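Counting from 713, one number per residue, gives the positions in the sequence shown under my numbering.
Glycine residues also receive a C-beta, built at the ideal position from the N, C-alpha and C atoms.
Quick caveat: nothing in here was measured; it's all calculated off a predicted structure.
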Amino acid sequence: MGEPVILCGKTEQIGQGVIATLKPEFDVIHFVMTPEGGKVEIPAILEGEQSPPSDSTLGSKDYSKPPIAVLMGAGYDDAGTEVMMKASEGLRPIPWLRPDMSKPAPPLGPEYGKALVVRIKELLAQLKEEGKMDEQKVHWY
C-alpha cells in the first residue's frame, strides 16, 4: 500500500484518474471536493479521526496512518487554499502541493491528470530528500 495522501479536486471524474495514477507509490485516503468541505474534513483527518465527514466516495478511506501531504488540483485558488490551511494550522504540519499553472500541461482530461501526477511524484521525492515533509507550507508542482 502506498503512502497516505489527501487529494483535493473539483470533479470525481478527473479525481479517479489521478488516484489510479498515483498508485502504487501513494494511496489517496480522502478526496476533498470543495474548500468548504476541506476546511472541515482535512483537520478531522489530521487529528486522527477514523470516519471524518466526506462529500465524495473516492479514496481508500484508510485513516489508520496519517497523510504525508495534501495534493491540490488547479480548481483550488489562493483563497480556497488559505481557508483549508488556516483550519488545519497547528495540527500536523505536512506539505500542501499546488499546480504551477505557468508550466505547460495537456488540456483537461486523462492526459492532464497523468502529467500532473508525474510532477507531484517528483516534487514529493525532492521534499523527502531535502527533509521538508514536516513543514506546513505550499509547494508548487
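- Message: Given this structure, state the Cα-to-Cα distance separating Glu847 from Pro816, to the nearest angstrom.
- Response: 27 Å
- Bridge partner(s) assigned by DSSP for Arg810: Trp852
- Query: Relative to the ligand SAH, is the shortest distance from any of its heavy atoms to the C-beta of Ser768 smaller than 8 Å?
  - Reply: The ligand SAH is not among the ligands present in this structure, which contains no ligands whatsoever.
- Task: Would you mind giving the Cβ-Cβ distance between Ile806 and Met845, rounded to the nearest angstrom? I have them listed as a contact below 8 Å.
- Result: 7 Å
- Message: Three or more C-beta pairs under 8 Å: does that hold for the segment 738-754 against the segment 765-776?
- Response: yes
- Write down the C-beta distance between Val717 and Pro779 rounded to the nearest angstrom, noting that I regard them as a contact closer than 8 Å. 5 Å
- Task: Could you work out which residue in Ser776, Ile757, Pro811 is closest to Glu790 when comparing CA atoms only?
- Result: Correcting the residue identity first, residue 790 is Asp in this sequence and not Glu. That would be Pro811, whose Cα lies nearest to the Cα of Asp790.
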